[in-house]
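Asks: Just dropping this structure here.
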């Protein structure tokens, strides 16, 4: 009995092991998400012969996980993907000017309150359906309710259908940032088929069907997103600039790999898996020597110190002025990016490149580096050692944390008691929404296209609720002619430097390396437009 | 020496290299085992009898622990000069050994049959199936009931006595000429002890196999051995036929040992005599005769120079004592 | 024997139940919620609230747990907001990489540790023994993730033999599958090899002192026979225990290596899910890892019975 | 010449050695000697045993090196504040990423903080974590193990909880506790203790189960000793030597787990320097400012090596049937 017993146990174990092992590994390869477009054939038709020796597949590294591919909800890295799948009525050219994309043209009524958008005809969705006004209206009304900045700008006015190819937007009062709002990259005002929009739950659409040059193929959570060329994409025939203009597709497949570890991304670039990668200061010298690699600087996020205007201390403007007085922006920026040519000083809350909205107003409050004045202001305000909580996170590349601890040092230097509250990203979001959990938050912000979209100017972010600020902000969006805009903009920025909802610290650059065999890659504020990109073998 | 000599150990010295320097548990031992003869080796524990036995098969680790001197003549070969390969062909084939504790001397994870087959296939070119059959025969030979079933069982399923029979079966696998039994019955209770000794005597008679029986039990020696060697502190102090030694022990140590054996007709009131003191440690060997510190008759001569092992004129017994002849008289006088 | 297995599996139910309660409490304690993470800081509070409502996060904790345990008992571990699939499917998908990595790492560990341990035990004090002490100290002292930094530099960047990171399932061909796993498995395997080698050595040294080794020697068994047939066969018990334990930790604890080599295994799934507060997946991973661990221990116990006849499965 | 087995504990040798050890007081039968002589004999015995223990300690290479390194780590940890007199938190952004040189012996990090001071403080923090975690998990594990081993019905419950904790991923516990209770060194220590208690408890339980079967425990029962007395006076010492050895390995392991957690952002809260933090900070600058990774890495190796060597040495010394290895000359 004994020997038989031993053999039976052994064979049972082996069978069990293989069963577990077998079933787990083979279903590892089937696509997880639905979303392969029903209309167009799954795999693209027989790939037509590459023009000359062009490669058909491009792999592109992403630095963070992609929580959603719904364009209306997409922020930071998932925008890299959604920008190439979806399009909006308008798109930014390289100077952040809104340029017609899905809309052929638009008329603005005399009183500047009613926009009429004329849609291009014969534009196809990835599922073969032609884009019509009903799709635009359904998409944009959903976009409006989901996005904070859109609600602040449009209030409760609605998009309505005039006819199959005309959409109208009636506003309560004139606003000059509508086109920018429709072009802005984050929470993009993308157009999706009506039935897809209506089927979407609160957690976003489930079918990723747009009108862009690439169509969605497969999304393997936390691993990769696979896009393929959309063969009957109707391109605008304007010259390509920024995210707008002509879009020709030379690639068959684009695979966005999710590689959170920066050292791994860089090593994969060196090993040839990727031909484009973001660089850290440390990787720089290793690529500068390579002949086939070009390194360039692209404008990244700007850094602002946001006050919690409901906190005991910083509800009093004197304390805000004291902090503004002590900040030494060079030291903070150097501490954040560790290299002088990766930042620049800039007193305005907008980038100089965005000519219409750039202003120098109030710049004398910028980068004061005046500890004595700060100490004096603190005394006047009656500071006696209350603890200031600095809220930050080490995630998102660590820059938030780097800037915060230099600010901490500068505050401690003038006798301010500080406490560092470092949490993970999810907790940060929660705490920042809670008025009595923090005092100061130093953050990096993706530069919006108009001041009205600046997060820290509206109540949900740092609790700014000042009548004058709101009034100036509204006046700015109502201004129509360039002169009116300039005057209103100067007034708003001047007042911002007095009210100090936030203190501008400076702009940062990020560096990237591109191999010479990858040509035609254009980025806007760091976000890549993969149309017109060629990759030789 | 009636029987023709099978094993002759001459001036064997076994050295152990320990933390506290070199010691020699076997310090110049000479003894013989004749063909078909059962020789007993007795002495208190720590006197080197087991070390001598294991030195015959060179079981100590010669790389890190032990080294040998002298000669172990077996037939024409000196076992101390054999290469490891040659030595292996002797062990279990020509000379086998059984040990004291049957519980831990068998491999717990192999069946009884496999452990016998292993010896068979080591020394004989024999098929697996045939070896298994032979193993069952060997188990029957050593008196184990239902040998077929037992062969498939594991050591922990057998009793102490049964396991010792298995050890003997393993030892007999290749009909060795000499069986060294290192205290085979010490760990067994009396009734089983008798059966094992009877088995050994029976095998000695039927197979003509010589036996070197190591024990500290004089009763066992009396019952089974024809000749006996008494060892003390790594040396032979007396050796001769069982009849002579039991009737007229010459060496004071032997006398002391004999007297400390309780007798059935013994006087129960008197305290049982014991040899005073205990065996000194190996690195504190007294000068002169090693037994002197515990010997009632020791004089200056004994304490200064060491007597040689020599035959006492008029007897067949060899003894290592300056006053061997006279001691019997002194004893009688008391 | 089947009864024994059934009893052991049933015994895990209370453990899993206790674990699920602990995880739910921890989830309740951690601030931040999946809705905010999914919608990002640009979204308006109303939309975040709507999503929380849809996910049932506003229900009292007890009711949430009741709903979860109700589903769990019928085998439905709920759906994941971020993974866009059922938790069970997500677990199955991430099991493959973890299992492959764990098996390969354990294989490397055994292939290195067994011969090294055996030689060190049989040649005590000589070169092999010293090498083992050195290697085992190296293995324990240098953490896997530090080791991986250098192996990637050498094999992937310099020599370009192996890909830097990523994962290909077995169905993409054995060699491609292995190519992606060699470096991470090496980083994990070497540490486990160090631990295992020490146990092999010490357990064999213990067995060498047993008297049946002397019997074997007296039977004329050669060195090889003694080491492998007699000593090694009796050392399997402690060795199996350590192999079981290390296989368990490889399943649960490879998160750092998985994130460095970007392997979509259980560790990475857990870290991502915790960071984005994907509650149902956290719960699923913890329970699965615990169950896998119990399974590994059960297999080890069964192997005990095979390896050592004295072990009875009561 | 057979070359294999290390049969150094051959039966005859043991007998001889045991005789040697208690030879001191058995030359004359006990009752004849005066108490003074007896006391003197016992004192001599204890002194000889201590000498023997010291000689064995010195002969045991790993114990010697281990404790030497441990001493170094202890000294560095205690004197960290005074060794360089610099504040590990003071940043001098102008001096960032300076290679090792005169002004900064080990160079600076990306905020211009002196790396030598941070490595010293980091070593102190890691040593502190290791020590506290090893101590608390040993104590907790001892209690759980003893009672699990001794009391039958308790065994099932405690061991199932231990299984649960054993399978609980340390990462989740760490991230969760850090996020929930706020990042602090204390929370991390609690979390690491919870991670290591099960392994210690199992070890103690197995040694208690073995010890419980010994006849002397039955004798204790017979003499009417209370359960607690038996557990703490007799069973606990049996578990002590494996516990101390395992404790030293927990010390080393705790430091490595803290380093791994720092990599995942759940370790000691920045900017407090710990070897784990320093290593993960250095990772971003590994090519050009490699000193930010090398020196903390070295410190980590020294501390962990010290503990492992010490643990190894301890195991051989405390292990009752330690190999009395012969040195064949």
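Chains as they are written, first to last, in UniProt numbering: chain A, 1 to 537; chain B, 1 to 334; chain C, 1 to 314; chain D, 1 to 329.
Don't be surprised by glycine CBs; every beta carbon is placed ideally from N, CA and C.
1. Please report the distance separating the alpha-carbon of residue 286 (chain B) from that of residue 294 (chain B).
2. Which residues in chain C sit within 7 Å of residue 175 (chain D), going by Cβ to Cβ distance?
3. Are at least three pairs of beta-carbons, each pair with one atom in the segment 328-343 of chain A and one in the segment 506-515 of chain A, less than 8 Å apart?
4. Anything in the segment 257-282 of chain D with a Cβ closer than 8 Å to a Cβ of chain C? List those residues in chain order, please.
5. Can you list the residues of chain D that residue 149 (chain C) reaches, using a CB-CB cut of under 9 Å?
6. Quick one: is residue 384 (chain A) buried, meaning 16 or more other Cβ sit within 10 Å of its Cβ, or exposed?
7. If you compare alpha carbons, which of B:277, B:51 and B:162 is closest to residue 12 (chain B)?
8. Report buried or exposed for residue 167 (chain B), applying the criterion of at least 16 other Cβ atoms within 10 angstroms of its Cβ.
9. Go ahead and pull the three-state DSSP assignment for residue 251 (chain B).
10. Does the pairing of the segment 404-419 of chain A with the segment 366-379 of chain A give three or more beta-carbon distances under 8 Å?
11. Residue 320 (chain C) versus chain B: which residues are under 9 Å apart at the beta carbon?
12. The beta strand (DSSP E) with residue 236 (chain D) in it runs from where to where?
13. Are the C-beta atoms of residue 171 (chain D) and some chain C residue less than 8 Å apart?
14. Could you check which residue in A:124, A:283, A:529 and A:327 has the C-alpha nearest to that of residue 369 (chain A)?
15. Spatial neighbours of residue 432 (chain A) within its chain, please: C-beta separation below 7 Å, excluding the five flanking residues on both sides.
16. Less than 8 Å between the beta carbons of residue 462 (chain A) and residue 501 (chain A), yes or no?
17. Identify which residue in B:197, B:216 and B:61 has its Cα closest to the Cα of residue 231 (chain B).
18. Could you give the uninterrupted runs of the alpha helix (DSSP H) lying entirely in the segment 424-472 of chain A, keeping only those of 4 residues or more?
19. Can you find a CB in chain C that lies within less than 8 Å of the CB of residue 72 (chain D)?
20. Which one of A:96, A:285, A:360 and A:464 has the shortest CA to CA distance from residue 177 (chain A)?
21. Could one say the Cβ of residue 18 (chain D) lies closer than 8 Å to chain C's Cβ atoms, at least one of them?
22. Counting only Cβ pairs nearer than 7 Å, list the residues of chain D close to residue 167 (chain C).
23. Confirm, please, whether the CB-CB distance from residue 188 (chain B) to residue 164 (chain B) is below 8 Å.
24. Could you check where the alpha helix (DSSP H) with residue 497 (chain A) kicks off and where it finishes?
25. Answer with buried or exposed for residue 1 (chain C), where buried requires no fewer than 16 other C-beta atoms within 10 angstroms of its C-beta.
26. For residue 138 (chain C) and residue 131 (chain C), what's the separation of their Cα atoms in angstroms?
27. I'd like to check one pair, residue 328 (chain B) with residue 248 (chain B): are the Cβ atoms closer than 8 Å?
28. For the segment 99-108 of chain C against the segment 188-197 of chain C, do three or more pairs of beta-carbon atoms, one drawn from each stretch, fall closer than 8 Å, so that the two count as touching?
29. Using a Cβ-Cβ cutoff of less than 6 Å, which residues in the same chain neighbour residue 156 (chain C) once the five nearest sequence positions on both sides are dropped?
30. Beta-carbon of residue 424 (chain A) versus every beta-carbon of chain D: anything under 8 Å?
31. In this structure, how does DSSP classify residue 529 (chain A) when only helix, strand and coil are distinguished?
32. Nearest-angstrom Cα distance between residue 336 (chain D) and residue 71 (chain D)?
33. Going by beta carbon distance, what residues of the same chain come within less than 6 Å of residue 205 (chain D), once the five residues before and after it are set aside?
34. Is it true that the segment 89-106 of chain A meets the segment 152-161 of chain A, where meeting means three or more beta-carbon pairs spaced less than 8 Å apart?
35. Within 8 Å of any Cβ in chain A, is that where the Cβ of residue 138 (chain C) sits?
36. In the DSSP output, what is residue 318 (chain B) paired with across the bridge?
Replies: Short version:
1. One-based indexing of the second chain puts residue 286 (chain B) at position 286. One-based indexing of the second chain puts residue 294 (chain B) at position 294. The alpha-carbon atoms of residue 286 (chain B) and residue 294 (chain B) are separated by roughly 11 Å.
2. Within the fourth chain, numbered from 1, the residue matching residue 175 (chain D) stands at position 175. The answer, in chain order, is 274.
3. Counting Cβ pairs under 8 Å, three or more are found: they touch.
4. Those residues of the segment 257-282 of chain D placed with their C-beta closer than 8 Å to a C-beta in chain C are 259, 260, 263, 264 and 279, ordered along the chain.
5. By one-based count along the third chain, residue 149 (chain C) stands at place 149. Ordered by position in chain D, the residues that pass the 9 Å Cβ test against residue 149 (chain C) are 283, 286 and 293.
6. The residue given as residue 384 (chain A) occupies position 384 in the first chain. That one is exposed.
7. Stepping through the second chain from its first residue, residue 12 (chain B) is reached at position 12. Residue B:51 holds the alpha-carbon nearest to the alpha-carbon of residue 12 (chain B) among B:277, B:51 and B:162.
8. By 1-based counting over the second chain, the position of residue 167 (chain B) is 167. Buried: at least 16 other Cβ atoms inside 10 Å.
9. Counting from 1 along the second chain, the entry for residue 251 (chain B) is found at position 251. If DSSP states are grouped into helix, strand and coil, residue 251 (chain B) belongs with coil.
10. As far as the Cβ criterion goes, the segment 404-419 of chain A touches the segment 366-379 of chain A, which means the pair count is three or higher.
11. Any question about residue 320 (chain C) goes unanswered here, given that chain C covers just 1 to 314.
12. For the purposes of this step, residue 236 (chain D) is identified with residue 236 of the fourth chain, where counting begins at 1. DSSP places residue 236 (chain D) in no beta strand (DSSP E) but in the uninterrupted alpha helix (DSSP H) bounded by 236-263.
13. Here residue 171 (chain D) corresponds to residue number 171 of the fourth chain, with the count starting at 1. Taking Cβ atoms only, chain C reaches closer than 8 Å to residue 171 (chain D), which makes this a yes.
14. Start at 1 with the first residue of the first chain, and residue 369 (chain A) comes out as number 369. Comparing alpha-carbon positions, the option among A:124, A:283, A:529 and A:327 lying closest to residue 369 (chain A) turns out to be A:327.
15. As a first step, residue 432 (chain A) is located in the first chain; it is residue number 432 there, counting from the start. Scanning its chain for C-beta atoms nearer than 7 Å, with the 5 sequence neighbours on each side dropped, one finds around residue 432 (chain A) the residues 391, 438 and 441, in chain order.
16. In the first chain, the residue the question calls residue 462 (chain A) occupies position 462. In the first chain, the residue the question calls residue 501 (chain A) occupies position 501. Yes.
17. The count along the second chain starts at 1 and reaches residue 231 (chain B) at position 231. Looking at B:197, B:216 and B:61, the one whose alpha-carbon comes closest to that of residue 231 (chain B) is B:216.
18. As far as the segment 424-472 of chain A is concerned, its whole alpha helix (DSSP H) runs of at least 4 residues are 425-432.
19. Residue numbering aside, residue 72 (chain D) sits at position 72 when the fourth chain is read from its first letter. No, residue 72 (chain D) does not count as interfacial toward chain C.
20. In the first chain, counting from the first residue as 1, residue 177 (chain A) sits at position 177. Distance check between residue 177 (chain A) and each of A:96, A:285, A:360 and A:464 places A:96 closest, using alpha-carbon atoms only.
21. On the fourth chain, residue 18 (chain D) is found 18 positions in, with the first residue counted as 1. Annotation note: pLDDT 43 at residue 18 (chain D) (below 50); position unreliable, coordinate value reported separately. No, because no Cβ of chain C sits closer than 8 Å to the Cβ of residue 18 (chain D).
22. Within the third chain, residue 167 (chain C) is the residue found at index 167, counting from 1. Within chain D, no residue comes near residue 167 (chain C); the closest Cβ sits about 19 Å away, beyond 7 Å.
23. As a working mapping, residue 164 (chain B) is identified with position 164 in the second chain. As a working mapping, residue 188 (chain B) is identified with position 188 in the second chain. Yes, these two residues count as a Cβ contact at 8 Å.
24. For the purposes of this step, residue 497 (chain A) is taken as residue 497 along the first chain, with counting starting at 1. For residue 497 (chain A), the enclosing alpha helix (DSSP H) starts and ends at 482-499.
25. Position 1 of the third chain, counted from the first residue, corresponds to residue 1 (chain C). Answer is exposed; the Cβ neighbour count stays below 16.
26. Against the third chain, residue 138 (chain C) aligns to sequence position 138. Against the third chain, residue 131 (chain C) aligns to sequence position 131. If you take the alpha carbons of residue 138 (chain C) and residue 131 (chain C), they lie about 10 Å apart.
27. The sequence position of residue 248 (chain B) within the second chain is 248, counting from 1. The sequence position of residue 328 (chain B) within the second chain is 328, counting from 1. A contact, by the Cβ cut-off of 8 Å.
28. With contact defined as three or more Cβ pairs closer than 8 Å, the segment 99-108 of chain C and the segment 188-197 of chain C are in contact.
29. Position 156 of the third chain, counted from the start, is the residue given in the question as residue 156 (chain C). Its chain contains 162 and 164 as the residues whose beta carbon lies nearer than 6 Å to that of residue 156 (chain C), once the 5 sequence neighbours on both sides are disregarded; these appear in chain order.
30. In the first chain, counting from the first residue as 1, residue 424 (chain A) sits at position 424. Using beta-carbon distances, residue 424 (chain A) counts as an interface residue toward chain D, with a partner under 8 Å.
31. Your numbering for residue 529 (chain A) matches position 529 in the first chain. In the three-state reduction of the DSSP assignment, residue 529 (chain A) falls in the strand class, which pools E and B.
32. Coverage of chain D is limited to positions 1 through 329, which leaves residue 336 (chain D) absent and any answer about it impossible.
33. The count along the fourth chain starts at 1 and reaches residue 205 (chain D) at position 205. Only 145, 148 and 149 meet the Cβ criterion.
34. Cβ pair count under 8 Å is below three, so no.
35. Indexing the third chain from 1 puts residue 138 (chain C) at position 138. Residue 138 (chain C) has a beta carbon lying at 8 Å or more from every beta carbon in chain A.
36. Stepping through the second chain from its first residue, residue 318 (chain B) is reached at position 318. Partner(s): B:239 and B:311.
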